[in-house]
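Novice:
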Amino acid sequence: MSEKLSFVNPTANSPWGTYLSQVDRVVPYLGPLARWVETLKRPKRALIVDVPIEMDDGTIAHFEGYRVQHNMSRGPGKGGVRFHPDVTLEEVMALSAWMTIKTAAVNLPYGGAKGGIRVDPKKLSLQELEKVTRRYTSEIGIIIGPHTDIPAPDVNTNAQIMAWMMDTYSMNVGGTATGVVTGKPLHLGGSLGRVKATGRGVFVTGREAARRLGLDLRGARIAVQGFGNVGSVAAELFAEAGAKIVAVQDHTGTIVNTNGLDLAKLVPISRTDGVVGFKAGGDIVPNEDFWDVACDILIPAALEGQLTAERAKKTTAKLVLEGANGPTVPEADDILAERGVLVVPDVICNAGGVTVSYFEWVQDFSSFFWDEDEINVRLDRIMMNALNQIWDTADKHKISLRTATYAVACERILMARQERGLYP
Ligand code: GLU
Numbered sequence: 004m005s006e007k008l009s010f011v012n013p014t015a016n017s018p019w020g021t022y023l024s025q026v027d028r029v030v031p032y033l034g035p036l037a038r039w040v041e042t043l044k045r046p047k048r049a050l051i052v053d054v055p056i057e058m059d060d061g062t063i064a065h066f067e068g069y070r071v072q073h074n075m076s077r078g079p080g081k082g083g084v085r086f087h088p089d090v091t092l093e094e095v096m097a098l099s100a101w102m103t104i105k106t107a108a109v110n111l112p113y114g115g116a117k118g119g120i121r122v123d124p125k126k127l128s129l130q131e132l133e134k135v136t137r138r139y140t141s142e143i144g145i146i147i148g149p150h151t152d153i154p155a156p157d158v159n160t161n162a163q164i165m166a167w168m169m170d171t172y173s174m175n176v177g178g179t180a181t182g183v184v185t186g187k188p189l190h191l192g193g194s195l196g197r198v199k200a201t202g203r204g205v206f207v208t209g210r211e212a213a214r215r216l217g218l219d220l221r222g223a224r225i226a227v228q229g230f231g232n233v234g235s236v237a238a239e240l241f242a243e244a245g246a247k248i249v250a251v252q253d254h255t256g257t258i259v260n261t262n263g264l265d266l267a268k269l270v271p272i273s274r275t276d277g278v279v280g281f282k283a284g285g286d287i288v289p290n291e292d293f294w295d296v297a298c299d300i301l302i303p304a305a306l307e308g309q310l311t312a313e314r315a316k317k318t319t320a321k322l323v324l325e326g327a328n329g330p331t332v333p334e335a336d337d338i339l340a341e342r343g344v345l346v347v348p349d350v351i352c353n354a355g356g357v358t359v360s361y362f363e364w365v366q367d368f369s370s371f372f373w374d375e376d377e378i379n380v381r382l383d384r385i386m387m388n389a390l391n392q393i394w395d396t397a398d399k400h401k402i403s404l405r406t407a408t409y410a411v412a413c414e415r416i417l418m419a420r421q422e423r424g425l426y427p
């Protein structure tokens, strides 16, 4: 954030700056709705909270937490909560804005929101993690709710954390409100298919993009950055389709095997020791070398800003699937376009998670739960319909899939804005 704290002054190369430049690129395609575009360039509301807890050793620690509601023109706010030592307000603003675009791109009846706490959860005991989660939930309780803003998992948060959030909110309102968060455990109003949904969406959109490019998945070489819930599931699905996972990077390092990594062994080891724990199955290389590994498909599924201009110049990938939110900086986007590399942007590529979150929320309200086949069939249909519409828009205007996704999404958001009108 610049010296003067403001929604409209992004720090150079920040996620919020990336988002603002993505919005600028879509303005020529918005027609008369462009009049409303400023509404997308500032969040509706941002809450900063202090999260004090008593640590196991008796000391008092304070963490800073955020919940940003970027836009609610089309429905309640929706978006995950991230626990990470680098979380900032500006980052959460960008992540909330990408949720607005994402929910509109797949036509879910939601706006966009996001939350985060600047904390390294790996340094907390389970009790400390629960305290941080509960106090944070209580503090943001004044703006979240099943009909106003519905959090979900994101980086370093999971079903257990969602259960604590649901319980804390429920205790405060005096009833069991399962619909206040999604990504919950199955027996607490969670949905089948939610855990794998984001990775599955990356696979479904990636398979279609590969088909359109004439890229055979059998034998295709794939490099995956980030091996959590998104990257590992997508890797498994691509491997099942015959692709070779040649490089994987996570917070512990980078492992490469040009014959393809054995995922049946790598995945369980990575959960406890990180990918470098699988030394026996590949070569451990310096992290920067990940971007040099010869591949056909690159899946950045970690954090923002990873695909820089320099890395975009050297990748051999023909297809980039954005499993993460905001992994590609605008300059890199341009370089990839010039080099003929197709990018399936985050706001459609990783929308599978929030789509099954929507199914979970609907199931909670109707107290009627669907089987996994029904979830996956509906997920695939929503993702494919959205992608096809975006592709048609890209072809029509000769623009990138990212700008086309923004065109489709922003039209829906700004039309809702216009029809609702400004209050007062
Ligand atoms: N955190 C995920 C995302 O970035 C899921 C959000 C949700 O399910 O609400 O899309």
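Sequence positions in the sequence shown follow my numbering and run 4 to 427.
Positions of the beta carbon are idealized from the N, C-alpha and C atoms, including for glycine.
Please read these numbers as outputs of a predicted model, since none were measured by experiment.
Measuring straight from C-alpha to C-alpha, what distance separates Gly178 and Asp170?
Specialist: Cα to Cα, Gly178 sits roughly 9 Å from Asp170.
Novice: Run the CB neighbour count on Asp336, radius 10 Å, all protein chains shown included, and call it buried at 16 or more, exposed below.
Specialist: With 16 or more Cβ atoms within 10 Å of its Cβ, Asp336 is classed as buried.
Novice: With DSSP as the reference, identify every bridge partner of Val54, one or two as the case may be.
Specialist: According to DSSP, Val54 bridges with Phe66.
Novice: Starting from Pro88 and walking both ways along the alpha helix (DSSP H), at which residues does that stretch end?
Specialist: Taken as a continuous stretch (DSSP letters only), Pro88 belongs to no alpha helix (DSSP H), as it is neither H nor E.
Novice: Whole angstroms are fine: how far does the CA of Gln252 sit from the CA of Glu94?
Specialist: In a straight line, the C-alpha of Glu94 is about 22 Å away from that of Gln252.
Novice: Would you kindly check if the distance between the Cβ of Leu306 and the Cβ of Val323 is under 8 Å?
Specialist: For Val323 and Leu306, no; Cβs fall outside 8 Å.
Novice: My output table needs one value for Lys268: the three-state DSSP class, helix, strand or coil.
Specialist: If DSSP states are grouped into helix, strand and coil, Lys268 belongs with the helices.
Novice: So Asn290 and Gly256 are in contact, right, with Cβ under 8 Å, and what is the actual spacing, rounded?
Specialist: Right, the Cβ-Cβ distance comes to about 6 Å (below 8 Å), so this counts as a contact.
Novice: Please state if the CB of Trp364 and the CB of Ile153 are separated by a distance shorter than 8 Å.
Specialist: Yes, the Cβ-Cβ distance between Ile153 and Trp364 is below 8 Å.
Novice: Determine, using beta carbons only, whether Asp367 and Gly192 come nearer to each other than 8 Å.
Specialist: The answer is yes: Cβ separation under 8 Å.
Novice: Below 6 Å CB to CB, which residues in the same chain sit around Thr151 once its five sequence neighbours on both sides are set aside?
Specialist: The answer, listed in chain order, is Pro79.
Novice: Say the cut is 7 Å; is the CB of Thr185 nearer than that to a heavy atom of the ligand GLU?
Specialist: Yes, Cβ of Thr185 sits closer than 7 Å to a heavy atom of the ligand GLU.
Novice: Going by DSSP, what residue range makes up the beta strand (DSSP E) through Val251?
Specialist: Unbroken beta strand (DSSP E) run through Val251: 247-253.
Novice: Taking only three categories from DSSP, how would you classify Lys187?
Specialist: Residue state, collapsed to three classes: coil.
Novice: Is the distance from the Cβ of Thr318 to the Cβ of Val332 below 8 Å?
Specialist: The answer is no: Cβ separation not under 8 Å.
Novice: On the DSSP bridge assignment, give the partners of Thr331 in chain order.
Specialist: Per DSSP, Leu310.
Novice: Measure the alpha-carbon distance for Ile146 versus Arg48 and round it to whole angstroms.
Specialist: Cα to Cα, Ile146 sits roughly 10 Å from Arg48.
Novice: What are the residues that DSSP puts in a beta bridge with Arg48?
Specialist: In DSSP, Arg48 forms a bridge with Gln72.
Novice: Round the Cβ separation of Val184 and Met168 to the nearest angstrom and send it over; I've been treating them as touching at under 8 Å.
Specialist: Contact flag correct, Cβ pair sits at about 5 Å.
Novice: Could you say which of Gly68, Phe66, Ala419 lies nearest to Ser76 if we only look at CA atoms?
Specialist: Among Gly68, Phe66, Ala419, the Cα nearest to that of Ser76 is on Ala419.
Novice: Below 8 Å, how does it come out for the stretch 399-412 and the stretch 339-356: are there three or more Cβ pairs, yes or no?
Specialist: As far as the Cβ criterion goes, the stretch 399-412 touches the stretch 339-356, which means the pair count is three or higher.
Novice: Would you give the residue range spanned by the beta strand (DSSP E) that Asp152 belongs to?
Specialist: Its beta strand (DSSP E) spans residues 152-156.
Novice: In the structure shown, what three-state DSSP assignment does Pro289 receive?
Specialist: Here Pro289 sits in coil by DSSP.
Novice: Starting from Lys134 and walking both ways along the alpha helix (DSSP H), at which residues does that stretch end?
Specialist: Per DSSP, Lys134 belongs to the alpha helix (DSSP H) from 129-143.
Novice: Within the present structure, is the beta-carbon of Asp180 separated from the nearest heavy atom of the ligand GLU by less than 7 Å?
Specialist: Here the sequence assigns Ala to residue 180, which means Asp is not the residue at that position. No, the Cβ of Ala180 stays beyond 7 Å of every heavy atom of the ligand GLU.
Novice: Between the C-alpha atoms of Lys35 and Ala407, what's the straight-line distance to the nearest angstrom?
Specialist: Looking at the sequence itself, residue 35 is Pro, so the reference to Lys does not match. Rounded to the nearest angstrom, the two C-alpha atoms are 17 Å apart.
Novice: Going along the chain, which unbroken runs of the alpha helix (DSSP H) with 4 or more residues stay wholly within the stretch 340-404?
Specialist: With a minimum length of 4 residues, the continuous alpha helix (DSSP H) runs that stay inside the stretch 340-404 are 349-352, 355-369, 375-400.
Novice: Heavy atom of the ligand GLU less than 7 Å from the Cβ of Ser9, yes or no?
Specialist: False, no ligand heavy atom lies under 7 Å from that Cβ.
Novice: Could you spell out where the alpha helix (DSSP H) holding Pro303 opens and where it closes?
Specialist: Unbroken run through Pro303 is the beta strand (DSSP E), 300-303; no alpha helix (DSSP H).
Novice: Excluding five sequence neighbours on each side, which residues of the same chain lie with their C-beta closer than 6 Å to the C-beta of Val279?
Specialist: Thr255, Gly256, Ile287.
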